[in-house]
Amino acid sequence: MARLRSRYGGQAETMKNYDPSKIEKKWQERWFKEGIYEPDLDAAKKPFFNLMMFPYPSAEGLHVGNMYAFTGADIYGRMKRMQGYDVFEPIGLDGFGIHSENYALKIGAHPMDQAETSEKRFYAQLQSIGNGFAWNEHVETYDQEYYRWTQWIFTQMWKHGLAYRKKQSVNWCPKDLTVLSDEQVEGGKCERCGTEVIKKELEQWFFRITQYADRLLKNLDTLDWSEKVKIAQRNWIGKSEGALITFKLRKIPGQSDDKHSVQVFTTRPDTLFGATFLVVSPELAQTWMNVGWQVPAEVKKYVDVSLKRKEMDRLEEGKEKTGVFTGVHAVNPANKEEIPVWVADYVLGSYGTGAIMAVPAHDERDFEFAKKFKLSIKMVICPHYPAKTCPVLDHAHIGEGHLVDSGKFNGIEAQKAKWEITKLVGGERKTQFRLRDWLISRQRYWGPPIPMIHCEACAAKGAGENKDMPGWYAVPEADLPVVLPRIKDFRPTGSGVSPLAAEKSFYEVKCPKCGGEARRETDVSDTFLDSAWYYLRYLDPENKKSALNEKRIGNWLPAGLYTGGAEHAVLHLLYVRFMAMALHDWGLVKFEEPFKKFRAHGLLIKDGAKMSKSKGNVINPDEYINNFGADTLRMYLMFLAPFEQGGDFRDSGVLGIERFLKRVWLYAEKPNEKKGAISLLHKTIKKVSEDIENLHYNTAVSALMIVLRSFEDEGGMKEDFKSFLKLLSPFAPHMTEEIWRETLKHKTSIHHKP
RNA sequence: GCUGGGGUGGCGAAAUGGCAGACGCACUGGCUUUAGGAGCCAGCGAUCGCAAGAUCAUGUGGGUUCAACUCCCACCCCCAGCACCA
8 MARLRSRYGG
18 QAETMKNYDP
28 SKIEKKWQER
38 WFKEGIYEPD
48 LDAAKKPFFN
58 LMMFPYPSAE
68 GLHVGNMYAF
78 TGADIYGRMK
88 RMQGYDVFEP
98 IGLDGFGIHS
108 ENYALKIGAH
118 PMDQAETSEK
128 RFYAQLQSIG
138 NGFAWNEHVE
148 TYDQEYYRWT
158 QWIFTQMWKH
168 GLAYRKKQSV
178 NWCPKDLTVL
188 SDEQVEGGKC
198 ERCGTEVIKK
208 ELEQWFFRIT
218 QYADRLLKNL
228 DTLDWSEKVK
238 IAQRNWIGKS
248 EGALITFKLR
258 KIPGQSDDKH
268 SVQVFTTRPD
278 TLFGATFLVV
288 SPELAQTWMN
298 VGWQVPAEVK
308 KYVDVSLKRK
318 EMDRLEEGKE
328 KTGVFTGVHA
338 VNPANKEEIP
348 VWVADYVLGS
358 YGTGAIMAVP
368 AHDERDFEFA
378 KKFKLSIKMV
388 ICPHYPAKTC
398 PVLDHAHIGE
408 GHLVDSGKFN
418 GIEAQKAKWE
428 ITKLVGGERK
438 TQFRLRDWLI
448 SRQRYWGPPI
458 PMIHCEACAA
468 KGAGENKDMP
478 GWYAVPEADL
488 PVVLPRIKDF
498 RPTGSGVSPL
508 AAEKSFYEVK
518 CPKCGGEARR
528 ETDVSDTFLD
538 SAWYYLRYLD
548 PENKKSALNE
558 KRIGNWLPAG
568 LYTGGAEHAV
578 LHLLYVRFMA
588 MALHDWGLVK
598 FEEPFKKFRA
608 HGLLIKDGAK
618 MSKSKGNVIN
628 PDEYINNFGA
638 DTLRMYLMFL
648 APFEQGGDFR
658 DSGVLGIERF
668 LKRVWLYAEK
678 PNEKKGAISL
688 LHKTIKKVSE
698 DIENLHYNTA
708 VSALMIVLRS
718 FEDEGGMKED
728 FKSFLKLLSP
738 FAPHMTEEIW
748 RETLKHKTSI
758 HHKP
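Heads up, the final residue of the first sequence is numbered 761 in my numbering, and it's a clean run with no missing numbers.
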């Protein structure tokens, strides 16, 4: 970079004609003044909501990767405007949350001050990239007038029975003394300091996203989204059709009777006759111990050790399976055989019933476990039926076949006997999802305080807004927002509560019901709640009466295009769909799906690695904009590769685009007005339109280069050059505007909708 | 392990059944210039050849076709995400 700067930085002579530093700022200011990117939100006839994921301003400034994403989205929007749409392209800051708080901690600033600094810096940078942003409609998630409504949404969740509290284990980093969200844990280690994450039992708030699992899954089929994102969501939701089957327990140590039983979930009830043992999760074994079952000491020890480790670590180390026999036996309800019950950490407490029937002959994991502990393996599905040559297995047979050793079901195709066998043993069909409820509370400072109040007196009387959770009340709407107080020591406490729990003036509050002494919730909500509804607020950010402007929402949404990173495939993009469905069910919005079309952009690579701060290969766009101009950088970024593929950033490539734009500039000064190759221009108009529609910006740029060459060599009429400028204008909005209005003397902007 | 994307010159990439390498970077030669790391012109996959031209070439091995980067089968490698979900 230093070399490039010395090469071009002060070279007034070479920059004499085309000086982006002069024209870009000028047009940015004039566009804003003229309001050319502000559609009429109430009366637009052809609304097109061009939405892009808003950035979290946690780092030193805007990253060239952000600029890549925003420019790519902007080009699409600019084409839509040329096609006659009223394009609305807002931007904002996702400034609440752990990312921003961690950055403030790192540099020793207060998050409130840091937010102010970052906001100025980000908005200045976002101005400089030349997008057609609607600056009148920005939102910042840490703004009181914004989070007031985030809190309101929380209270609505509560009122509709979608918010609840439950004790649950969470990720805990013992060095940073903080809880971490799942996405901040990488391979069992803290994303920030690399310390082994442990788990901690804490009472937490959850949103009942699982209630929407089926709809979230089904609607995917109707969406025009990047296929990889849809697949990731399907896997994450993880629907399984199976059966719940009950096994009676016997010989329970410390229990005199045989009344107890255990229920398992299986997708393969057809293999029931082959179930030769049961396995329960350490969590379930713990509950048995809690009610006084006298299990052997080694079982107790195994359960203790397993529970101390995080589920994720258990899975990671799980090449070699571990487990112990509990001493308990169960009866296989199909053939009445008595089978042993083991406890092993390969069975998860959080999925299904926390217990499985093990069919080693037809399940890889059970097979491995049975081999290791020398448990019996009984084949009940024969792939070569009726030739009864089922050999000794060296791996589980999970494929198809006919049942054998299965009583009256012998000879039947396994798949067909599934539900018959379930019926025989009194089991029930059950659809199971992998999706878990959304853990929404954070024991941190920098977020919207959860707007809930707990009253001991009411709880004692069993009073409250939810009979399952006596004593809990939502903060009344008139009392919102619950303002996040400025406190001196905002560091995470390490004791399982938010720093707000040390602020008496914050948590001491009157009960909204009985008026007695009550305590405010001191946790804040997850930053993903802020971003689950931000796009709705863009349409009326100043609205003091309501979170949503239903009329405008009806006109502008679902959004025509949503773009962003694929890393949010199952986080933000799932939460935002869930939220839209909830709002839909409450009658506030008309759609269930907020984004008709979603496209994930690719990642920028530098020196063979993904750009990231830890790798030290992050590019700040400012230097490039200062030296070459935003137009050059925009166009260079788009020229790298197809937008959805990402690109390989290298300094030297910028020069090619700079040369091209200078030639455009020169040509505008001294056009070669001969007839030229008209059919080439027409083909190019078609190609560029199609390429932009498909987000193939790189080939659109190359087509424009070919046309310019043809103008230079063979000439082109003025009208043809104007067409060319229009095609170029989404990529280089400032320079084309300068030529359009200053050289060609047009009265209105080249970016005006026709 | 599963899922998705990908493998083409020195580099980023085009071409989705019809002259492989468009467009750009880098590089080489020339012109211009007081000079230029500026601009312009030309060349630029490999091998052989003074040249015309010939042969080879899109991860590997097979196949379909008059014709394959493109379609089919098997395999290898890279990137991203998920990962004992019963």
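Positions of the beta carbon are idealized from the N, C-alpha and C atoms, including for glycine.
Comparing alpha carbon positions, the residue from Asp727, Gln121, Glu700 and Glu371 closest to Glu680 is Asp727. Listed in chain order, the non-local C-beta contacts of Cys518 below 8 Å within the same chain comprise Ile460, Cys462, Ala464, Cys465, Tyr480, Glu524 and Ala525, local neighbours out to five positions each way being set aside.
By the 16-neighbour rule on beta-carbons within 10 angstroms, Thr124 is exposed.
Within the DSSP bridge table, the entry for Gln422 names no partner.
As computed with DSSP, Phe605 is found in a beta bridge with Trp232 and Tyr569.
The residue among Gly91, Phe56 and Glu744 with its C-alpha nearest the C-alpha of Tyr545 is Phe56. Around the C-beta of Thr429, 16 or more other C-beta atoms lie within 10 Å, and the residue is accordingly described as buried. Short of 7 Å from the beta carbon of Leu224, and not among the five residues preceding or following it, lie these beta carbons of its own chain, in chain order: Arg241, Ile244 and Lys246. With the rule of 3 Cβ pairs closer than 8 Å, the segment 221-237 counts as touching the segment 604-611. Inclusion of Ile30 and His741 in the CB contact set at 9 Å is warranted, their separation being smaller than that value. CA-CA distance, Lys690 to Met86, rounds to 17 Å. Taking C-alpha positions only, Thr500 is separated from Pro506 by approximately 6 Å. Linking Glu210 to Gln175 through their CA atoms gives a straight-line distance of about 6 Å.
The beta-carbon distance between Ile252 and Thr273, rounded to whole angstroms, is 6 Å. This is short enough to meet the 8 Å contact definition.
In the structure shown, Val482 adopts coil according to DSSP, grouped into three states. In this structure, Phe440 lies near Asp221, with their beta-carbon atoms less than 9 Å apart. Rounded to the nearest whole angstrom, the C-alpha separation of Gly478 and Ile612 is 53 Å. Nearest to Val177 by alpha-carbon distance, out of Ser709, Lys343 and Leu314, is Leu314. The beta carbon of Gly102 sits closer than 8 Å to the beta carbons of Tyr63, Pro64, Ala122, Ser125, Glu126, Glu147, Thr148 and Tyr149 from its chain, once the five residues preceding and following it are set aside; these are given in chain order. Looking at the backbone, the Cα of Glu371 and that of Leu112 are separated by about 47 Å. Taking 3 residues as the shortest admissible run, the segment 600-685 contains the following complete beta strand (DSSP E) segments, listed from N- to C-terminal end: 604-608, 610-613 and 653-655. Partner residues in the beta bridge of Pro54, as assigned by DSSP, are Asp93. Under the DSSP assignment, Lys729 falls in the alpha helix (DSSP H) whose first and last residues are Lys725 to Leu735. Bridge partners of Ile205 according to DSSP: Trp179.
Taking 9 Å as the cut-off, the Cβ atoms of Trp445 and Phe535 count as close.
Val516 and Arg527 have their C-alpha atoms roughly 6 Å apart.
When the beta-carbon positions are compared, Arg451 and Val204 stay at least 9 Å from each other. Inter-segment contact for the segment 411-430 and the segment 486-499 is absent: fewer than three beta-carbon pairs are separated by less than 8 Å.
Non-local C-beta neighbours of Ile746 in its own chain, meaning closer than 7 Å and more than five positions away in sequence, comprise Ala675 and Leu732, ordered along the chain.
A straight-line Cα-Cα distance of about 18 Å links His409 and His402.
Separation of Leu256 and Ser288 (C-alpha to C-alpha, rounded to the nearest whole angstrom) is 16 Å. The alpha-carbon of Met59 is positioned some 21 Å away from that of Glu697.
In this model, Gly594 and Val583 are separated by some 17 Å (Cα to Cα). Distances from the alpha-carbon of Asn473 to those of Ala141, Val286, Thr162 and Ala131 put Thr162 closest. Within its own chain, the residues whose Cβ lies closer than 8 Å to the Cβ of Gln293, once the five positions on either side in sequence are excluded, are Val310 and Leu314, listed in chain order. A straight-line Cα-Cα distance of about 21 Å links Leu442 and Glu435.
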